[in-house]
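Chemist:
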Amino acid sequence: MQDQVITQLIDDGVDGIAVAITQSKYLAKNSLKRAKEAGIPIITYDSDFDASINEDPNNLRLAYIGTDNFELGKSLGEELKKLRPMGGHL
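For the sequence shown, numbering that gives the first Met the number 0 gives the first residue as 0, with consecutive numbering after it.
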């Protein structure tokens, strides 16, 4: 399904694609390869290509934006303490 959506985006002439990769090898051989060949920049976020693509992911994408869930949890906790300094139930 993700491959179909990316293919439609390419056909629609988008300027760039940001995607959280679900099936690295399949997407790398199909829609994302086609996007690269069309000169459409690709950015991956949250989940990147895995080792199954057997090549450097930098050959397929411009950048990867990862998340640090532990730091996110700490930041959310700090914001909650500001909103509920006396504690509470959420």
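In this text, a Cβ means the ideal position worked out from N, Cα and C, and glycines have one as well. None of these values were measured; they are calculated from a predicted model.
Can you tell me where the beta strand (DSSP E) with residue 17 in it begins and where it stops?
Modeler: Residue 17 sits at position 18 when you count from the first residue of the sequence shown. Run containing residue 17: 16-18, per the beta strand (DSSP E) assignment.
Chemist: Taking only three categories from DSSP, how would you classify residue 52?
Modeler: As a first step, residue 52 is located in the sequence shown; it is residue number 53 there, counting from the start. Looking at residue 52 - three-state DSSP - the assignment turns out to be helix.
Chemist: Any idea if residue 82 is buried or exposed, counting beta-carbon neighbours within 10 angstroms, 16 or more meaning buried?
Modeler: If you number the sequence shown from 1, residue 82 lands on position 83. Burial call: exposed.
Chemist: Alpha helix (DSSP H) containing residue 27: first to last residue?
Modeler: On the sequence shown, residue 27 is found 28 positions in, with the first residue counted as 1. Note, residue 27: alpha helix (DSSP H), 23-28.
Chemist: Per the contact definition of three or more C-beta pairs closer than 8 Å, is the segment 29-48 in contact with the segment 11-18?
Modeler: The answer is yes - the segment 29-48 touches the segment 11-18, with three or more Cβ pairs under 8 Å.
Chemist: Alpha carbon to alpha carbon, how far is residue 5 from residue 59?
Modeler: Numbered from its first residue, the sequence shown carries residue 5 at position 6. Numbered from its first residue, the sequence shown carries residue 59 at position 60. For residue 5 and residue 59, the distance between alpha carbons rounds to 14 Å.
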